[in-house]
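According to our numbering, the sequence shown is numbered sequentially starting from 140.
Only one structure is covered here, and it is reproduced in the block below.
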Amino acid sequence: MGLGSDMYRQQILDHYKNPRNYGELEDPTFTHIGENPMCGDEIRMDVELADDEETIERVAFRGDGCAISQASASMLSGELAGKTIEELHEMDRDDVIEMLGVEISPMRVKCAVLAEKVAQDGAEIYQGELDVDKTTTED
140 MGLGSDMYRQ QILDHYKNPR NYGELEDPTF THIGENPMCG DEIRMDVELA
190 DDEETIERVA FRGDGCAISQ ASASMLSGEL AGKTIEELHE MDRDDVIEML
240 GVEISPMRVK CAVLAEKVAQ DGAEIYQGEL DVDKTTTED
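In structure tokens, the structure reads:
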């Protein structure tokens, strides 16, 4: 790991200490919550869709947990604006890890992907394709 990795670590710490889009939306199209019981991370994602009901207009999150989970939620909240629900569904763990820019140990992958899974499950619930109260990273 070289200088580039240090830059990404600093970016993760910056998003953890100064999260973007932290809070809640006044009238979200859908809201969903999830947790990573292994680490104690919790994330709530509020998503507002545009009038076409396909394009993500705004995202806000609230939560508590480790630097990786909270930084990932902060970064993802910015990445999702302008994407479609289909593009959200197509995202996978590799997309999140690439967004973070650092290698994530197998134990921390669940921390990194929590926000992505919460947003994806929230969209599936909104579309009537899933019926769960809370997302969990447990298998």
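The beta carbon of each residue, even a glycine, is placed where N, CA and C say it ideally should be.
None of these values were measured; they are calculated from a predicted model.
Residue i: buried (16+ other C-beta within 10 angstroms of its C-beta) or exposed?
i    : result
G162 : exposed
N157 : exposed
G149 : One point to set straight first is that residue 149 is Gln, not Gly, in the sequence displayed. Exposed is the call here.
V271 : exposed
L142 : Low per-residue confidence applies at L142: pLDDT is 41, beneath 50, and the placement is therefore not dependable enough to give any value.
Which one or two residues does DSSP pair with residue i in a beta bridge?
i    : result
A199 : D185
T275 : E174
Y161 : F200
Tell whether a beta-carbon distance below 8 Å holds between residue i and residue j.
i    : j    : result
E187 : T168 : yes
I182 : V257 : yes
G179 : G204 : yes
F200 : N175 : no
A210 : I151 : yes
D185 : L215 : no
I264 : A251 : no
Relative to the C-alpha of residue i, which candidate in the options has its C-alpha closest?
i    : options                   : result
T194 : R183, L227, M184 and C178 : L227
T275 : Y265, L269, K249 and Q266 : K249
R197 : G204, D191, A220 and S213 : A220
D191 : K222, I172, M230 and M214 : K222
A254 : D270, E242, V241 and I236 : I236
M177 : P245, D234 and D233       : P245
G217 : E268, M146 and H154       : H154
M146 : A251, D233 and M238       : M238
I172 : D166, L269, D260 and D231 : D260
Since residue i and residue j are thought to touch, with beta carbons under 8 Å apart, how far apart are those beta carbons, to the nearest angstrom?
i    : j    : result
A224 : A262 : Residue identity check: residue 224 is Ile in the sequence provided, not Ala. With 8 Å as the limit, I224 and A262 qualify as a contact, their Cβ atoms being about 5 Å apart.
Any C-beta of chain D sitting closer than 8 Å to the C-beta of residue i?
i    : result
Q266 : The chain inventory of the structure shown lacks chain D, comprising one protein chain alone.
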